[in-house]
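Enquirer: Once you've had a glance at the structure underneath, I'll fire off some questions.
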Amino acid sequence: MKLTKTLLASTALALTAGGLSAQDMADSMTIVSWGGAYQNSQLKAYVEPYLANNAGVSATWDESSAEAVAKLRAMNEAGNITWDLVDVEAADAIRLCDEGLAMEIDVDEMLAKGDDGSSAEDDFGDSLVSDCFIPQIVFSTTVGYRTDMVPAGTEPPSDICALFDLETYPGRRSLNKRPLANVEWALLCDGVPKDEIYDVLATPEGQERALAKLDTIKDQTIWWTAGADTPQLLADGEVFMGSTYNGRLFSAIAEQDQPIGMLWDAEMLDFDGWIIPEGLPEDRLARVKDFLMFATDTQRLADQAAYISYGPARASSAPLVGKHAELGIDMAPHMPTDPANATNVFVTNYSFWADYRDDIDAKFQAWLAR
Amino acid sequence: MVEATQSGPMLAADGKPLKRSLNRALRRQKLRALMLIAPLLIFVLITFIAPIADMLFRSVENDIVADTLPDTVEVLADWDHEASDMPPDALWEAFYVDMFFAEAEKLHTRLGSRLNYEMTGVSSLFRKTGRAVGRFDTDSYTDQFTALDASWEDPATWVTMMEDDAVLEALPHTADAWDRWTAYLDREGDDPAKEDIEDVFFTTLYTDLAAQPPVSGLPERLQQAAAAVPSFETVDLKAQFIDADKDWGNADVWRMIQTYSPRYTSGYFLNAVDMQLTPDGVEQRPENQQIYGILFKRTIFMSVTITLSCIMLGYPVAWILANLPMRTANLLMILVLLPFWTSLLVRTSAWKVLLQQQGVINDILVWLHLVDDGNRLIMMNNQFGTIVAMTHILLPFMILPLYSVMQTIPPTYLRAAKSLGATNWTAFWRVYFPQSVPGIGAGSILVFILAIGYYITPEIVGGTTGTFISNRIAYHISSSLNWGLAAALGTILLAVVLLLYWVYDRIVGIDNVKLG
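This is the structure in C-alpha cells:
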C-alpha cells in the first residue's frame, strides 16, 4: 500500500517535471507545408515516425505555405487560428515575427540538444535568423543549364557570370520574378567585390547599377514565379540557363535523368523552417512543442536528407546524412552545405532584405514593367 | 354637417381616412416582400458587402501609429518641422514610454513594418531599438530612488501611492504611464502588486518631480524624493536612443513619423497613383518607381482588346448556334460549355504548351517551313499570350448572352428585308445586327468586368508585359502584407469599373442590355 502510494507520487512528480502529461496535449495537429517532394520528405523523416510513437495522434496537412503570411494575418484578425505549425522561408518567418503573428521560441528549452552534446543554440548556429524561427533545412538558389545546348567547342558554364554572358552562352534565361538573388548576382558580375555587395545595394545608385546589368539580358529572360518553372523550362528546351532551388535541379538531374547540369558558384543559401502561430490554446501548443522536440533533433533532420537534397540546419546532423531513400546514391555531395559545393556562397542577408525588400521590389517591378 | 363630411378626406369602411388605410396596407405588403428577401439581403450584406467595405476602409485607415506611440504622436503634433530642426525635448521621454509598452506588447516591429513602406530602413530601426530599450541606462534612476528609500522597489508602494488623487495630479507623466501599465497587466491577466517596477516609471517620476516644486500634502516618501531629485545624476534619453541607432538623430525619420501619425491617411492612395506623401506635401514618385499608372492603363487596354476579340470570335459562333436546328445547336452548345467544366489552371497551362517557343504551334510552323527553326515565334510571356489565353477562357461569357438574344430574333425579319430588295449585307447590318446589340452589350460587360480583375492567367502566361494590376494587388496582399496599398489599388480598380459602367450606360444605355 505504502509502496504503491510512493510509486504513484513519484510518477506524478516525474510527469509534472517532464512538462505536461499526454492527457494535456491535443491529439491532432494541422501542419502547413509546401506540398510535393518537400512535404513528402517531412512526412517520411519525422511526421510518420512521430505518429507511430504516439498512438491516437493524427496530423492533417495544409499545403498553404506559399500564402501562409497573408492567411496567418487573416486568421489572427479573425481570432481563430486553425494551424498548429507552419513551414515558411526564413524571410517570411522574420516578417511574421515582426507582425506578432508567430510565437517567440526559447531555443535551448524547446529544442533537443545536438547528438554531439552541443546546445541547441550552438548546433543551429547562424540559421537562427529570427526569434520565432525553428530551422529545418538549408537550401540554395542556384543555376542549372541544358548540357546539350552548350555551344560546340565551349566549356560548360561553371561561373555564375555565364548567366550574363550571352556571347559565349547564347540562349534564353529564366530568373526569379523577385529581386532576391538576381540583384546580388548582377552586382557580383558587374565587378562589385562580394563583401561590398550589400553596401552597394543599399544605395540608389547601386540598385540602378544592378538593374542596368540585368537589363543586358532582360529581353532574353523569362521570369518565373514558382520553383517548378525553371526545371520545366529547361526540360522543354525553352531556356538554356535558369535559376531555381537546388533540390529542384537535383530532382531533374538525378531522379528524372534530364540533360541538365548545375552550378554551385555563388549559390544563395537560405533557410526554411517552422514557426508556431501566436495565440494557440495550451493543449495544442503542448502537442506542437512535443512534436518539435522530436522532429528537429539531430537524427530526424539528417533523415530528411534521404528524401530531398536540402541540407539539415543542424551542424551535428551533417555527418549523419546517408543515402537517397530510393536511388541509393550518397546524398552528402548534393547538399548545398557540402564543403565541395560551398566554395563560393552567399548567405541571404535577412536584415538587409527586411529593410530593403519593399523599396527594391518596387523598383524591380517598375523596371520589369517597362 | 353634411357639407363638412363631403369636403373632408375620403373615408374607408372602418371610418379611417382612405389614404392612410391604403398606405398602411401597402406598407404591410412591402414589409412582407422585404421579409421574403431578408435572408438573401442579410446573406449578401454579411458575406459580400461587409468584407468589401472593411477591405476598402483599410486604404485610408492608419490607426497603428497613434495607437502604438500615443504620447509621441501628441508631442509631434505640436512640432513645426520647418521652424526647428529636431522635435522638442519632451519627445524623448514620451517616446521612451511608448517604446517600453510597444516592446512589452510586441507592437514595435509591427509598426516598423508599417512605416518601412514609407521609408526604407525603419523596420530594422524599430526592431533594434525594441531590443535596446530594456537595456537603457535609466536603471540609474531606479537605483537612486531606492537608495533614498528601499520601499520604492516594492510594487505595493506604487499601487497605494497611485490611488491618491493628489499624487496623480502632482505626477502627470507617471500617472499616465501607470495607467497604461495597469491596463496592460489587466489584459495579460497579471496583478500590478506582484510585478516588478520597471525603470520607465522611475524615469517619469524623476521628470515629474524635477519639473515642479514639491506640493505639500503628498506622502512623505514622495516629499523626500522631491527634495533629493535636484541632486540626481540624470540620464540623457536622446543620447540613449541615438546610441541604440543613430537614425533617431535624423530629423527625416521624425518628420516621416509625424506625416504618418494621423488616424486616416491619404498615403496609400497616393502610392497607388505613383505619388508620395512627404512632410513637404504631395510629390510625384521618381520615374524608376512609377508602376501603377502603367499597370492601370495596361489592364484597361488589354481588357478592352480581350472584349473586342471575344465579340469578333463569339458573334459568328452565336449566329450559327442560333440558326441551326435545335439538335445540332445543342451538340455545338456542349462544345462551347465544355471548357467551363475544365479547371482554369489546366486550360491556362494547356495554352502554355501550345504557345511556348518549343511548343505545338511553333513546332508545326517549323515543320511546315513557315518559320525558321532559329527564329521561333515568341507568343507567350507577353501581351499576346495573355490576350489569346484570356479570350479563349472568357469566350463562353460572350457567346451565351449573344446566343440567347439571337434566338429571340425572328428569322422572318431577315427574309422580309431580302424580299423587299435588301442585299445580304444590308439585311444583316440594318435589320439583324441592331437587334443583336443588347446581346453584345451584355456579353461585353460580363467579359470586360471579368477580364479587368483577372489574376491567374496573366500570372502564368503574361510574363512581364502581360500582367495586370490584380497581380500587383495579389503581391501586396500575400507577400508584402501592405494591405493598405492593396486596398487602395482595389478601390481605384472598383471606381474605374463603376465609371466605365456609367459611361457605358450613357452611350449604350443599360436598358439595351439583355441576357435573353
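Those sequence lines, one after another, are chains A and B.
Using this note's numbering, the first residue of the first sequence is number 1, and each one after it goes up by one.
Using this note's numbering, the first residue of the second sequence is number 1001, and each one after it goes up by one.
In this text, a Cβ means the ideal position worked out from N, Cα and C, and glycines have one as well.
#1: Go ahead and label Q1144 (chain B) buried or exposed: buried means 16 or more other beta carbons lie within 10 angstroms of its beta carbon, across all protein chains shown.
#2: Between the C-alpha atoms of V239 (chain A) and T1307 (chain B), what's the straight-line distance to the nearest angstrom?
#3: Using a cut-off of 7 Å between C-beta atoms, extract the partners of E67 (chain A) located in chain B.
#4: Establish whether the CB of G1484 (chain B) and some CB of chain A are separated by less than 8 Å.
#5: Quick check on S316 (chain A): does DSSP put it in helix, strand or coil?
#6: Out of A:G36, A:I253, A:L214 and A:V32, which one is the CA nearest neighbour of A226 (chain A)?
#7: Grouping DSSP H, G and I as helix and E and B as strand, with all else coil, what is V32 (chain A)?
#8: Please report the distance separating the alpha-carbon of I1507 (chain B) from that of L1018 (chain B).
#9: With 8 Å set as the bound, which would you pick, yes or no: does the beta-carbon of K363 (chain A) sit closer than that to a beta-carbon of chain B?
#10: Check whether the stretch 1409 to 1419 of chain B touches the stretch 1326 to 1342 of chain B, taking contact to mean three or more Cβ pairs, one atom from each stretch, closer than 8 Å.
#11: Please confirm whether V1447 (chain B) and M1406 (chain B) have their CB atoms less than 8 Å apart.
#12: Is there a C-beta anywhere in chain A that falls below 8 Å from the one on N1288 (chain B)?
#13: Run through the DSSP bridge pairs and tell me what D272 (chain A) is partnered with.
#14: Beta carbon of Q304 (chain A), beta carbon of I137 (chain A): below 8 Å?
#15: Closer than 7 Å: is that where the CB of L1395 (chain B) sits relative to any heavy atom of the ligand SAM?
#16: Could you check where the beta strand (DSSP E) with Y1117 (chain B) kicks off and where it finishes?
#17: Does S1123 (chain B) have its Cβ less than 8 Å from a Cβ in chain A?
#18: Could one say the Cβ of I1291 (chain B) lies closer than 8 Å to chain A's Cβ atoms, at least one of them?
#19: In angstroms with no decimal places, state the Cα-to-Cα distance between T154 (chain A) and G171 (chain A).
#20: With a cut-off of 8 Å, does the C-beta of S351 (chain A) fall near any C-beta of chain B?
#21: Could you work out which residue in B:I1409, B:A1244, B:M1055 and B:W1502 is closest to N1323 (chain B) when comparing CA atoms only?
#22: On a Cα-Cα basis, can you pick out the residue from B:G1466, B:L1036 and B:K1352 that is closest to T1305 (chain B)?
#23: Pull out every residue of the stretch 1350 to 1383 of chain B whose Cβ sits closer than 7 Å to any Cβ of chain A, in chain order.
#24: Beta-carbon within less than 6 Å of T1457 (chain B)'s beta-carbon, same chain only, minus the 5 sequence neighbours each way: which residues are those?
#25: What residues in the stretch 89 to 102 of chain A have a beta carbon less than 8 Å from any beta carbon of chain B?
#26: Given A1451 (chain B), which residues of its chain have a CB within under 8 Å of its CB, disregarding the five upstream and five downstream residues?
#27: Where do the N-terminal and C-terminal ends of the alpha helix (DSSP H) with G242 (chain A) fall, by residue?
#28: I need the DSSP call for A81 (chain A), collapsed to helix, strand or coil.
#29: Could you have a look at R146 (chain A) and say whether DSSP puts it in helix, strand or coil?
#30: Less than 8 Å separating the beta-carbons of W1092 (chain B) and L1237 (chain B)?
#31: Between D148 (chain A) and S1123 (chain B), what straight-line distance do the alpha-carbon atoms span, to the nearest angstrom?
#32: Less than 7 Å between C-beta atoms, sequence neighbours within five positions excluded: which residues of the same chain meet that for I197 (chain A)?
#33: Just to make sure I have the definition right: I need the residues of chain A whose C-beta is within less than 8 Å of the C-beta of T1120 (chain B). Which are they?
#34: Can you pull the chain B neighbours of W73 (chain A), defined as C-beta to C-beta under 9 Å?
#35: Check whether chain A comes within 8 Å of Y1454 (chain B), counting only Cβ atoms and requiring the distance to be less than that.
#36: According to DSSP, simplified to helix, strand and coil, what is L20 (chain A)?
Expert: Quick look at the numbers:
#1: buried
#2: If you take the alpha carbons of V239 (chain A) and T1307 (chain B), they lie about 32 Å apart.
#3: Contact annotation for E67 (chain A) against chain B: S1478 [CB-CB distance below 7 Å, chain order].
#4: no
#5: In the structure shown, S316 (chain A) sits in a helix (DSSP, three-state: H, G or I).
#6: A:G36
#7: strand
#8: One Cα belongs to I1507 (chain B), the other to L1018 (chain B), and the distance between them is close to 45 Å.
#9: yes
#10: no
#11: No, these two residues do not count as a Cβ contact at 8 Å.
#12: With 8 Å as the cut-off, N1288 (chain B) counts as an interface residue toward chain A.
#13: A:E89 and A:I137
#14: yes
#15: As far as ligands go, the structure on display features none, and thus does not contain the ligand SAM.
#16: Where Y1117 (chain B) is concerned, there is no enclosing beta strand (DSSP E), given that its DSSP letter is neither H nor E.
#17: yes
#18: Yes, I1291 (chain B) counts as interfacial toward chain A.
#19: Each residue's alpha carbon lies about 14 Å from the other.
#20: Interface residue, yes.
#21: B:I1409
#22: B:G1466
#23: Q1356, Q1357, Q1358 and N1381
#24: T1348, A1389 and M1390
#25: Using a CB distance below 8 Å, the part of the stretch 89 to 102 of chain A facing chain B consists of R95, C97, D98, E99 and G100, ordered along the chain.
#26: M1302, S1303, I1306, T1307, M1390 and L1394
#27: Premise fails: G242 (chain A) lies in the beta strand (DSSP E), M241 to Y245, not in any alpha helix (DSSP H).
#28: Note that residue 81 (chain A) corresponds to Ile in the displayed sequence, not to Ala. Three-state result, I81 (chain A): coil.
#29: strand
#30: yes
#31: 46 Å
#32: E184, L187 and L188
#33: Chain A residues near T1120 (chain B): D355, Y356, D358 and D359.
#34: Note that residue 73 (chain A) corresponds to Arg in the displayed sequence, not to Trp. In chain order: L1481 and W1483.
#35: no
#36: Any answer about L20 (chain A) is weak, because its pLDDT of 49 lies below 50 and its placement is not dependable; what the coordinates show is given next. Reduced to three states, the DSSP call for L20 (chain A) is coil.
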